[in-house]
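A.B. asks:
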Amino acid sequence: MLLGLLACSQPSENHKTLNVPQLNGTTTFQLSDFLGVNKLLDEAVEEVFRQLDDTAIVAQLLMPAVGRYGQTLATIEQHIDQRVIGGILMLNGTQNEFTQWITKFNALNESKANLPFLYSADAEPSLVNRKIGESAPVKKAAEINSMEEVISVAQQIAKLLNSIGINYNFAPVVDVAGNATVGYRGFGNKPEQLIPWSNAFIQETQNNRIIATAKHFPGHGLVSGDTHASLQTIDGELKEIKNYPELISKGVLSIMVAHIAVKNNKKYDTQGLPSTCSKTIVTGLLKNELGFKGLIVTDAMNMGGVVNVPQSATKAISAGCDIILMPVNAAQAHNELLQEYRKNKDFQQQVNEAAKKVMRMKICLGLLSQVK
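Numbering-wise (our numbering), the sequence shown opens with residue 49 and increments by one.
1) Looking at Ile329 and Cys369, is the spacing between their C-beta atoms short of 8 Å?
2) Within 10 Å of its beta-carbon, does Pro185 have 16 or more other beta-carbons around it, so buried, or fewer, so exposed?
3) Give the list of continuous beta strand (DSSP E) stretches no shorter than 3 residues that lie fully inside the stretch 310 to 346.
4) Could you please give the first and the last residue of the uninterrupted alpha helix (DSSP H) stretch that includes Gln387?
5) Mind checking whether Ile308 and Thr275 have CB atoms under 8 Å apart?
6) According to DSSP, simplified to helix, strand and coil, what is Ala348?
7) Nearest by alpha-carbon distance to Ala277: which of Pro266, Asn350, Asn256 is it?
8) Residue range of the beta strand (DSSP E) that His264 falls in?
9) Have a look at Gln396, Lys160, Gly115 and flag the residue whose alpha-carbon is nearest the alpha-carbon of Gly141.
10) Between Ile289 and Lys160, what straight-line distance do the alpha-carbon atoms span, to the nearest angstrom?
11) Apply the 10 Å Cβ neighbour rule to Arg233 and answer buried if 16 or more other Cβ atoms are within range, or exposed otherwise.
12) Just verifying my parser: in three-state terms, what is the DSSP assignment at Met409?
13) To the nearest angstrom, how far is the alpha carbon of Ile258 from that of Ala171?
14) Would you call the stretch 403 to 418 and the stretch 93 to 106 in contact, with 3 or more CB pairs under 8 Å?
15) CA-CA distance, Val132 and Gly352?
16) Take the Cβ of Ala202 as the centre, count every other Cβ of all protein chains shown within 10 Å, and call the residue buried at 16 or more, exposed below.
17) Tell me where the alpha helix (DSSP H) around Gln126 begins and ends.
18) What three-state label does DSSP hand Ser272 in the structure shown?
19) Report all residues from its chain with a CB closer than 8 Å to the CB of Tyr389; omit the five preceding and five following residues, and keep chain order.
20) Suppose you measure from the CA of Ile124 to the CA of Leu321; what does that come to, to the nearest Å?
21) Flag this pair as touching only if the stretch 237 to 247 and the stretch 281 to 295 have three or more C-beta atom pairs under 8 Å; answer yes or no.
22) Would you report the Cα separation of Ser306 and Lys152, rounded to the nearest angstrom?
23) Given a cut-off of 8 Å on the beta-carbon distance, is the pair Asn237 and Ala225 in contact?
24) Excluding five sequence neighbours on each side, which residues of the same chain lie with their C-beta closer than 6 Å to the C-beta of Ile411?
25) Grouping DSSP H, G and I as helix and E and B as strand, with all else coil, what is Asp370?
26) Compare the C-beta of Ile214 with all C-beta atoms of chain B and state if any pair is closer than 8 Å.
27) Which residue marks the beginning of the beta strand (DSSP E) containing Thr151, and which one marks its end?
28) Could you check if Ala155 belongs to the surroundings of the ligand SAM, using beta carbon to heavy atom distance under 7 Å?
29) In whole angstroms, what separates the C-alpha of Ala55 from that of Phe97?
30) Rounded to the nearest angstrom, what separates Ser174 and Asn210 at their Cα positions?
31) For Gly273 and Gly135, I'd like the C-alpha separation in whole angstroms.
32) If you count every other CB in all the chains shown that lies within 10 Å of the CB of Leu416, and 16 or more means buried, which is it?
33) Fully enclosed by the stretch 211 to 257, which alpha helix (DSSP H) runs are 4 residues long or longer?
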């Protein structure tokens, strides 16, 4: 038996199927394979990548939102038709709406011979019932009082997301509880439990075939303002990065970078840019020093902390991010990235590496596999 990988470049009525050896006697890869050394998985990614044109490669890096605080259905459908996106954030709708929309997007995506999407949500315990309306009540982070409750809530959220078709959760928040905007959303109000409980939430989420995301790197809990409104700044020491090494060593698959600048820090100064656009923070600190090899996603790129940065999408990818979340205009962001991709070999390599990581994750989720 072989594992067939569905991959396409230009739209076609006849999908092209690649055959590669099965992995350890199974017909699919697992999320747990993503971070490991796996020759078969590497070969599978390369086989898919070789069949994509540059439009499809760049598209893997863009994830707009749909819903009451996102784009309209018509706009998302246009993006799918134009082949300029690789995933969608489901942002403020009902459980039934999201299920119907994902079914619709999948059908349209297949008709255009696009790679399947990553579908994400801000399904934090404290936000999930607001972000996914009509869902069963979930305990908020501050109401959780034991490891058993953490695991139960993570299971409940994962079951909800799986029922909808969402495979990527932008949770948990691992910031300390000092900031009013993010402090109530994670386990930071119980400092001694922040990392153990966050790790448990991550592991239970990923055991249920949902990508978990630690956020907001390098730390949002000790700044006073709100990056939704404007750029915030860490003055001096990066005190919250101590929260990340254990999460990384235990296998968190995704980390979200915040729109937070760093100043008065000789090693990590971002020169006035948000961390999302800083190679010092994303590549130097997160990738090289902390050794993170998972997906790096920006916080929403329509937020006040980054929206006025020229060519922010290009800067974020150059910094080392893999996914541009909620660009103001996905088609324009795609064009910006594509033009740089075609003229800049170093940037092309950066995009290729990011796109391959996204494809690797899609393969590990079973989105690109079918038994042949």
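From the three backbone atoms N, C-alpha and C, an ideal C-beta is built for every residue, glycine too.
C.D. replies: Judging by the given coordinates:
1) Counting from 1 along the sequence shown, the entry for residue 369 is found at position 321. Counting from 1 along the sequence shown, the entry for residue 329 is found at position 281. No, the pair does not count as a contact, with Cβ atoms beyond the cut-off.
2) Numbered from 1 along the sequence shown, position 137 holds the residue referred to as residue 185. Label assigned to Pro185: exposed.
3) 343 to 346
4) Within the sequence shown, residue 387 is the residue found at index 339, counting from 1. It spans 378 to 391 - the alpha helix (DSSP H) in which Gln387 sits, taken as one unbroken run.
5) Counting from 1 along the sequence shown, the entry for residue 308 is found at position 260. Counting from 1 along the sequence shown, the entry for residue 275 is found at position 227. Contact flag set, yes.
6) Here residue 348 corresponds to residue number 300 of the sequence shown, with the count starting at 1. DSSP places Ala348 in coil when its eight states are reduced to three.
7) On the sequence shown, position 229 is the one that residue 277 refers to. Among Pro266, Asn350, Asn256, the Cα nearest to that of Ala277 is on Asn350.
8) Looking up residue 264 in the sequence shown gives position 216. Its beta strand (DSSP E) spans residues 259 to 265.
9) Walking along the sequence shown from the start, residue 141 turns up at place 93. That would be Gly115, whose Cα lies nearest to the Cα of Gly141.
10) In the sequence shown, the residue the question calls residue 289 occupies position 241. In the sequence shown, the residue the question calls residue 160 occupies position 112. For Ile289 and Lys160, the distance between alpha carbons rounds to 42 Å.
11) Translated into the one-based positions of the sequence shown, residue 233 becomes position 185. Buried: at least 16 other Cβ atoms inside 10 Å.
12) By 1-based counting over the sequence shown, the position of residue 409 is 361. Reduced to three states, the DSSP call for Met409 is helix.
13) For the purposes of this step, residue 258 is taken as residue 210 along the sequence shown, with counting starting at 1. For the purposes of this step, residue 171 is taken as residue 123 along the sequence shown, with counting starting at 1. Their Cα atoms are separated by approximately 11 Å.
14) yes
15) Here residue 132 is taken as the residue at index 84 of the sequence shown, counted from 1. Here residue 352 is taken as the residue at index 304 of the sequence shown, counted from 1. Taking the straight line joining both Cα atoms gives about 24 Å.
16) Within the sequence shown, numbered from 1, the residue matching residue 202 stands at position 154. Buried, since its Cβ has 16 or more Cβ neighbours within 10 Å.
17) Here residue 126 refers to the residue found at position 78 of the sequence shown. Run containing Gln126: 121 to 130, per the alpha helix (DSSP H) assignment.
18) As a first step, residue 272 must be located in the sequence shown, where it is residue number 224. In this structure, Ser272 counts as coil in the three-state DSSP scheme.
19) Walking along the sequence shown from the start, residue 389 turns up at place 341. Excluding residues within five positions, the ones whose Cβ falls inside 8 Å are Asp102, Ile105, Val106, Phe395, Gln396, Val399.
20) Counting from one through the sequence shown, the residue named residue 124 turns up at place 76. Counting from one through the sequence shown, the residue named residue 321 turns up at place 273. Approximately 29 Å, taken between the alpha carbons.
21) yes
22) Mapped onto the sequence shown, residue 306 falls at position 258. Mapped onto the sequence shown, residue 152 falls at position 104. The question names Ser, but residue 306 in the sequence shown is Ala. Rounded to whole angstroms, Ala306 to Lys152 spans 31 Å at the Cα level.
23) Here residue 237 is taken as the residue at index 189 of the sequence shown, counted from 1. Here residue 225 is taken as the residue at index 177 of the sequence shown, counted from 1. Contact: yes.
24) In the sequence shown, the residue the question calls residue 411 occupies position 363. So the list reads Phe77, Ala92, once near-sequence residues are dropped.
25) For this step, residue 370 is matched to residue 322 along the sequence shown. In the structure shown, Asp370 sits in coil (DSSP, three-state: anything other than H, G, I, E or B).
26) In the structure shown, chain B does not exist; there is a single protein chain.
27) For this step, residue 151 is matched to residue 103 along the sequence shown. Unbroken run through Thr151 is the alpha helix (DSSP H), 143 to 159; no beta strand (DSSP E).
28) Ligands are entirely absent from the displayed structure, and the ligand SAM is therefore not among its contents.
29) Stepping through the sequence shown from its first residue, residue 55 is reached at position 7. Stepping through the sequence shown from its first residue, residue 97 is reached at position 49. Unreliable placement is indicated for Ala55, whose pLDDT of 36 sits below 50; no coordinate value is reported for it.
30) The residue you call residue 174 lines up with position 126 of the sequence shown. The residue you call residue 210 lines up with position 162 of the sequence shown. So the alpha carbons of these two residues sit roughly 19 Å apart.
31) Within the sequence shown, numbered from 1, the residue matching residue 273 stands at position 225. Within the sequence shown, numbered from 1, the residue matching residue 135 stands at position 87. Spanning the two alpha carbons is a distance of roughly 29 Å.
32) Numbered from 1 along the sequence shown, position 368 holds the residue referred to as residue 416. Buried.
33) 242 to 255
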